[in-house]
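Worksheet: one structure, shown below.
Numbering (the numbering used here), first residue to last: 1114 to 1757.
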């Protein structure tokens, strides 16, 4: 291992020419496992894989190898992208292309490996093949990049995800990693690095879309005896999991991006701010940092460049608002995570009063690629004002889910219909929720909108950090908005009155809409309707007067839902009806006396004792006591419970 380390440092990392020697390239091919003389089995090991049961699958593979193929290797890789395929297993036979198999649970391992090793492949779980020149093709098996999920993607940031062992710095260096960083600190000034990033047109991928190079220059040009670079890896929006996937699948590229960004602003300290509960990602990232330090990539006078850098990981305390940059800074300083007024901006006075740049994970993942390939290359991707790609976490009711990367300028329809393969179970499409908990709903009329900062802004839609939730006809928009408002109310720091009181009042009104009124007086419906109208006024005040982005964008889901689904709100108010039959408070349950056998099962399970009767005689439900939970409907074996 020490010999390989010395070789990689001398012949790759510090090699001045852009073209490596042929002998070096041969060794790197072996490190990358492009050519192997023994079978190699790759298994995904991200969070989505573990949830799907990959640890049991891995144990079954280890047992099989020990008993049947002791020469075979087993490699843990990151997430390839399609969460629907997990656990995903890839098998490489010497001289042949790699084969990918989806949904390989523990019991499928032995017949799968027996089939592959004896040339009798079961195609039921076969996803596709990948390979490079010089390998034998598997006849009749499609390539992975031909599958609809991958065909419309442009995998740049995710290029390494699922391809190599994320804990192996040797493999990352063999794939060209850290060369851009070493070149930057040895041959470029701080200003030149900022110029390159600015010329590339890279915009912050956290939702605002501010020019990254310009932000760096603001911090660099602020006179100070110290600066900080913070990577915001908190990602706490419901339905978003792009950062976690990247951290678990390609931590070294993120670290390289952080290192280049820190050098560009003249910072000698960088901090990765992670969400609590992401132990798997944290452990993998910490191992990557430790290995990079072993290679001399951090510390004092790195590779005789005169540059010093240390990278630390810090875990947030568990509050959503801590993702806001000034609240984040307060948290790192040991204070309560509450937003501050701006200006001054963090690039002028941030962590401990020093100029501080805060970039999110996806933004920093682009940096090594821009430094390696040049700003002109980056501008060949995407649109004129939004160059590059965008990573989304596709979740919800699509046939396919997972992490995808598309070129800027791709339409929302392409993601929905081609990559996600439409709506599952033949249901009707209703909306796309873009931009996380404070995002907007995109209906069928707007599916041809392009993923572009300016195009989305013209429509009043924020891109957000990466949430792309597909909603079908079985979703109640009123209840969904209520859920988001409850989430935001609970996560509000309470510092400013518009957010603290506004979110509470909005939640109160929405909860009254999804329940039947306590009495049916003539003015009740009017009061409920006036409450919803009051929501619009509250939303306007919150957007104009809240202190931070959390309060300013909190009303977005309601405003968007009321604009596009006003009829659902009116049905809840006037007709006491939820068309999706989700809102428990509007459901009416009754018992069909002709079908009821008096078995007492429903009465025994009713949590509020709203069901009465005599055993072996028809029972009845007291409507005034019923809370609409539906337990009786679920447990009745005789279909005697009716719901309206």
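Every residue gets a Cβ at the ideal spot worked out from N, C-alpha and C, and that includes glycine.
Within the same chain, and ignoring the five residues on either side of residue 1285 in sequence, the residues whose Cβ sits closer than 6 Å to its Cβ are 1365.
Membership of residue 1313 in the alpha helix (DSSP H) is indicated by the continuous run 1303-1313. Counting the other CB atoms within 10 Å of its CB gives residue 1419 a total below 16, which places it among the exposed residues. In this structure, residue 1591 keeps its C-beta atom at 7 Å or more from the C-beta atom of residue 1670.
Pairing residue 1664 with residue 1611, the inter-Cα distance amounts to about 7 Å. Per DSSP, the beta bridge partners of residue 1563 are 1524. Put simply, the backbone Cα of residue 1567 is about 42 Å away from that of residue 1408. The straight-line gap separating the alpha-carbon atoms of residue 1507 and residue 1359 is approximately 15 Å.
DSSP, reduced to helix, strand and coil, places residue 1189 within a strand of the structure shown. Taking the C-beta atoms as reference points, residue 1218 is found nearer than 7 Å to residue 1166. Relative to the Cα of residue 1188, the nearest Cα in the group 1151, 1209, 1378 and 1653 belongs to 1151. Going by C-alpha positions, residue 1620 is about 13 Å away from residue 1604. In this chain, the alpha helix (DSSP H) harbouring residue 1478 covers 1474-1486.
Exclusion of the five residues before and after residue 1383 leaves 1341, 1342, 1343, 1344, 1371, 1372, 1374, 1375, 1422, 1423, 1424 and 1425 as the residues of its chain whose Cβ lies within less than 8 Å of its Cβ. Note on residue 1347: 16 or more other CB atoms within 10 angstroms of its CB, so buried under the neighbour-count rule. Residue 1267 sits close to residue 1520, with the two beta carbons spaced by under 7 Å.
With contacts defined by Cβ atoms closer than 7 Å, residue 1526 and residue 1560 form a contacting pair. Under the three-state reduction of DSSP output, residue 1518 falls in the strand class. Judged by DSSP secondary structure, residue 1242 falls within the beta strand (DSSP E) whose first and last residues are 1239-1243. Contact check for residue 1682 and residue 1734: beta-carbon distance about 28 Å, past the 8 Å limit, so the pair fails to qualify.
Between residue 1287 and residue 1504, the C-beta gap is not smaller than 7 Å, which leaves the two residues out of contact. By the 16-neighbour rule on beta-carbons within 10 angstroms, residue 1578 is buried.
Only residues of its own chain outside the window of five on either side were considered, and among them 1177 have a CB closer than 7 Å to the CB of residue 1226, listed in chain order.
Excluding residues up to 5 positions away in sequence, 1452, 1661, 1662 and 1663 lie with their Cβ nearer than 7 Å to the Cβ of residue 1437 in the same chain. Spanning the alpha carbons of residue 1255 and residue 1221 requires a straight line of approximately 22 Å. About 32 Å separates the beta carbon of residue 1472 from that of residue 1556, a gap too long to meet the 8 Å contact definition.
Closest in C-alpha terms to residue 1532, from the list 1513, 1746 and 1616, comes 1513.
With respect to the C-alpha of residue 1297, the residue from 1235, 1753 and 1127 having the closest C-alpha is 1127.
Pairing residue 1510 with residue 1583 gives a Cβ-Cβ distance under 7 Å. In the three-state scheme derived from DSSP, where H, G and I count as helix and E and B as strand, residue 1725 is classed as strand.
Residue 1688 counts as exposed, since fewer than 16 other C-beta atoms from the protein chains shown sit within 10 angstroms of its C-beta. Counting C-beta atoms within 10 angstroms of its own C-beta, residue 1329 has 16 or more neighbours from the protein chains shown and is therefore classed as buried. Counting only runs of 4 or more residues that sit fully inside the region 1209-1278, the alpha helix (DSSP H) segments are 1222-1230 and 1261-1264, in chain order. Three or more pairs of CB atoms, one per stretch, sit closer than 8 Å, so the region 1643-1653 contacts the region 1616-1630. Residue 1388 has its alpha-carbon roughly 26 Å from the corresponding atom of residue 1410.
The residues 1360 and 1364, in chain order, have a CB closer than 6 Å to that of residue 1398 in the same chain once the five nearest residues on each side in sequence are set aside.
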